[in-house]
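Worksheet: the structure to be examined is printed underneath.
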Amino acid sequence: MTTLTSTLRGHSGSSIEPATPVKPILRKPVSVLGTRTREDTEDELEAPSAKRRKMVMFDESLNIVRDIGSKSLDDVKREVRQALERHARGDDEDYDTLKEVFSSDQNPDSSLAAGEDEEDEEAPRPGELLAYIVALTSHVPMLGRSCSGLVRSILKCQWLARDEVFARAYIQFLAALSSAQGAYLVQVLSMMVDMFSEARSPRSLPGYSGVSREIMRQRLHTGLRYLLALFPGARSMLLNLITTKFPYSEESKKIHVAYVDNLLRLREYSPDPRDIMELITSRVVKLDVEMQLDLEDMDDETTAAVMLQLKPSDVSGHYEGDETNDSDAESVLSDVSDLDEQSTRILDIKNRVEKLDCLLDTMFATYEPYFSDPDSAEAISCYEDMLSDFSNIVLPTYKSRHSQFLVFFFAQKSKRLTEMFVGTLFNIAFESNRPGIVKQSAVAYLASFVARGARVDNEQVQTIARTLLNYMDYHRANYEPECRGPDLRRYSQFYALSQGLLYLFCFRWRDLVNLELSSPRIDRDDPASFLGQDLQWMDGFRAGLQNNIYSKLNPLKVCSPVIVSEYAKLAHHLGLMYVYPRLELNKSIHLSQSLTGAYSTGGALRDTGYDPQDDKWTHLDPYCPFDPYQLPLSRRRLDEAETYIPWTSIPGLNRDDDDESDDGGMDEGDEDVGNIQEDTATDDENTYD
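Taking UniProt numbering, the leading residue of the sequence shown gets 1, the next gets one more, and so forth.
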């Protein structure tokens, strides 16, 4: 086996002539015995040091070291060995100096700040530092626990910012260290994961040309891939590290995007790519919920101020900035002494919105190549993984606002993918062992997807509407014999199905009309042409809906008043049914009189903070997961693909309609790509969508 030392020989096989020895960096020992420092004896090693490790074959392609500068390798090796041997005997002077060789490299900016022309005579030259790395690689068996301080200094070395030769030699050192001293493997991996958050390139090091951020990341993942190949057992350690070191929500957009970018690179060669995508999805959902809660806590004036900050020009596809200008948008908040509390909050929420926007756009871009052929085995497998993350992370999370659009978007790539998504939602909605809250959420997702999905065809809309109606009939047959009146706690699943069908009807009523049996004067593309015509609805739809609406369960009393109101108006003008007398009668029914702990038992979507004397808590929450997508950068994908149905009222349907504008309660302002609609982003109770 060719050793790393052998690679220091020339291309022709002859040895390089030793250079003239220069003054060694390590000082000669003095007569006084050195003392061990606390740093040397700290025990921060987590992995077990154990039995003798098996021989590891290193990748010869990484051993490309040809020159080490003005000092011969043999001289450096002797100095390193002498320092380590004396350290083992308790004389730490040379050992401490060896640590300083690498410690001086940990903060290059500090030396540059004093003057780039000033050089420390004791500081190693670029070639000499490489020599120490190669020499230490040859002596890794001597770097036991007592040398942990030296190892920590080496692991903090600016190895990514140097040349390719140094980076490859350093990777070989990490591999040799992890092989000979297994207890250091966790520290090595931790050092590399810490670099995932690096969002900009450091200043050039003395003696080296500048290195781009992309080159640094390539080197980082070359080393990580190499270590994972050598030590398969490191996979679980790495997964734990990337989870615990994921940036906090308060960290900047650039740090989040840099970390996720590195995770996606890791995913390309990791044996557990599913775990990585699950981690990313869970953190994106967390950011999504936090942003939504922040928006809901703001008043209209503050919301408008956030909208002004979110100008289209502020958002670009290059998330991490230019190489020549690494200033971040969050730098505006670096000095908030001159900002009042309100201005600081506005900027903070604006940055949260942009952070989520960039991460979701990154995820859209990551998944897109898998669906170039949406019916391929690769696309199906990828979507199955997406559905798994959706079912386990997104769907059970109430208040998730934008994360769910990943499955929404890619489900419409083909009919088969649509059926997979719909089938998953049906399975969750009707599994008996699922919590009621999750089953209701699945129904809400199903209805909202069908209502908003532009590529859900007529046949699929009718099939899903008929299925919802059949399940309503099933629950009604079970509940009605003992029913004494509407009760959200007891019949929550029935009401969730009812509200889902009413919501679906408001958007897709044209797909529920049998055009072949209706008037020939109807133009499907002109909603107004349906008014005043004798419409023929799909088989059993009118009778089934009437039977459920006029049953003792009385869904119009429990379903969201905004959805019920819009349904009543459309059903009347389209000749489906006239429910206004029922609505008037419902005004005399007070559900709070019979409410006993409905929300405290998890019987509805909103389960905390209710007031039994307030009727609004007795109505089903108008939870519509696919309300208009509002993040300005990533929204372009939905717009370009034309996969989303915005709300539009029928012209002339409302008396106060002076034109074909929206009727105020739906997607008001939805046509403005740069806006986040207040109705949907900050108010989940008083708006339909």
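The beta-carbon is built from N, C-alpha and C at its ideal position, and this holds for glycine as well. Fair warning: this is a prediction, and the values are worked out from it, not measured in the lab.
Note down the Cα distance separating residue 139 from residue 189, rounded to an integer number of angstroms.
-> 21 Å
From residue 415 to residue 404, what distance separates their C-alpha atoms?
-> 19 Å
Span separating the alpha-carbon of residue 150 from that of residue 98 = 8 Å
Within 9 Å, strictly: CB atoms of residue 557 and residue 591 = yes
For residue 644, the residue or residues it bridges with in DSSP | 453
Leaving out five residues on either side along the sequence, give the residues of the same chain with a beta carbon under 6 Å from the beta carbon of residue 283.
-> 246
Which of the three DSSP states, helix, strand or coil, is assigned to residue 159?
-> coil
How long is the line joining the alpha carbons of residue 578 and residue 572, rounded to whole angstroms?
-> 5 Å
Whose C-beta lies closer than 8 Å to the C-beta of residue 524 among residues of the same chain, with five residues either side of it excluded?
-> 510, 515
Local conformation of residue 422 per DSSP, three classes = helix
Straight-line CA distance for residue 209 to residue 163?
-> 8 Å
Go through its chain and collect everything with a Cβ distance to residue 370's Cβ below 7 Å, but skip five positions before and after it.
-> 378, 379, 382
Measure how close the beta-carbons of residue 197 and residue 255 come, nearest whole angstrom, since I'm counting them as under 8 Å.
-> 5 Å
In the stretch 496-580, which residue ranges form an unbroken alpha helix (DSSP H) of at least 4 residues, counting only runs that do not cross its ends?
-> 541-549, 555-558, 561-573
State whether the stretch 548-555 contacts the stretch 489-508, with contact taken as three or more CB pairs (one from each stretch) at a distance under 8 Å.
-> yes
Return the chain-ordered list of same chain residues with a C-beta closer than 8 Å to the C-beta of residue 155, the five sequence neighbours on each side being excluded.
-> 187, 188, 191
Over what stretch of residues does the alpha helix (DSSP H) that includes residue 239 continue unbroken?
-> 234-244
Assigned exposure category for residue 288 - 16 Cβ within 10 Å defines buried = buried
Residue closest to residue 618, alpha-carbon to alpha-carbon, out of 391, 634, 589, 628 | 589
Pairwise C-alpha distance: residue 298 and residue 417 | 38 Å
Take the Cβ of residue 175 as the centre, count every other Cβ of all protein chains shown within 10 Å, and call the residue buried at 16 or more, exposed below.
-> buried
Contact between the stretch 642-652 and the stretch 445-454 (3+ Cβ pairs under 8 Å) = yes
Would you say the stretch 388-402 touches the stretch 271-286, given that touching needs at least three Cβ pairs under 8 Å?
-> yes
Cβ shell of residue 238 (< 6 Å), same chain only, five flanking positions each side left out = 189
Going by the beta-carbon positions, is the gap between residue 560 and residue 481 smaller than 9 Å?
-> no
First and last residue of the alpha helix (DSSP H) that includes residue 274?
-> 273-296
Bounding residues of the alpha helix (DSSP H) (the contiguous stretch that carries residue 433) = Counting along the chain, residue 433 falls outside any alpha helix (DSSP H), and DSSP gives it neither H nor E.
Over what stretch of residues does the alpha helix (DSSP H) that includes residue 97 continue unbroken?
-> 93-103
Nearest residue (CA-CA) to residue 467, options 172, 538, 521 | 538
In this structure, does DSSP put residue 365 in helix, strand or coil?
-> helix
Going straight from the alpha carbon of residue 527 to that of residue 533, what length do you get?
-> 11 Å
What's the call for residue 373, buried or exposed, on a 16-neighbour Cβ count within 10 Å?
-> exposed
State the Cα-Cα distance for the pair residue 638 and residue 460, rounded to the nearest angstrom.
-> 21 Å
Does the beta-carbon distance from residue 230 to residue 177 come in below 9 Å?
-> no
Take residue 384 as the anchor and find which of 394, 489, 420 has the nearest alpha-carbon.
-> 420
Mark residue 232 as exposed unless 16 or more other C-beta atoms lie within 10 angstroms of its C-beta, in which case mark it buried.
-> exposed
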